[in-house]
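Numbering-wise (this note's numbering), the sequence shown opens with residue 1 and increments by one.
Heads up: the structure comes next, in structure tokens.
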Amino acid sequence: ESPSGQAFIFLEESGQNSILIVGGSNVAWPASAGDQPGLPKVRGASVLLLQKEIPEHVNEAMAEVAAKAGVPVIQDVGGEDRPFS
């Protein structure tokens with residue numbers, strides 16, 4: 001088990017902000033796509049929501065299982081700044 005992730009928001013006098021994200025459990029996933037916890041639950045889900053805070057290989061594995069099971073997949077575009085695969 002890993003501690004939950006955290007986000008720290010720093011607000012500057014100008015109104016700009018900076019956000020520091022500590023991934024915690026969101027980034028503590030097995031490296032192998034087939035070893036992801038929760039894959040069986042995805043097959044019976046009504047919908048799967050993917051978030052960019054979760055490692056890309058995990059989202060891809062979950063999306064593949066969902067697609068094969070006919071479960072709609074939604075990608076949340078917020079979060080970590082990286083391209084979609």
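Idealized CB from N, CA, C, for every residue including glycine.
Among the options, nearest to residue i - alpha-carbon criterion
| i | options | result |
| --- | --- | --- |
| Gln-6 | Glu-13, Ser-18, Gln-16 and Val-22 | Val-22 |
| Glu-53 | Leu-11, Gln-75 and Lys-41 | Gln-75 |
| Val-65 | Val-77, Glu-13 and Leu-50 | Leu-50 |
| Val-58 | Ser-25, Glu-13 and Ile-19 | Ser-25 |
| Ala-45 | Ser-4, Ala-69 and Ile-9 | Ala-69 |
| Asp-81 | Leu-20, Gly-15, Leu-11 and Ser-4 | Leu-20 |
| Arg-43 | Asn-17, Val-71, Gln-16 and Trp-29 | Val-71 |
| Ser-2 | Ser-14, Gln-16 and Trp-29 | Trp-29 |
| Ala-67 | Leu-39, Glu-12 and Val-77 | Leu-39 |
C-beta atoms of residue i and residue j nearer than 8 angstroms
| i | j | result |
| --- | --- | --- |
| Leu-48 | Ala-63 | yes |
Beta-carbon separation (whole angstroms), residue i vs residue j, contact threshold 8 angstroms
| i | j | result |
| --- | --- | --- |
| Pro-55 | Val-27 | 6 angstroms |
| Ser-18 | Phe-10 | 5 angstroms |
In chain order, each alpha helix (DSSP H) run of at least 4 residues that lies wholly inside the stretch 27 to 73: 39 to 43 and 56 to 68
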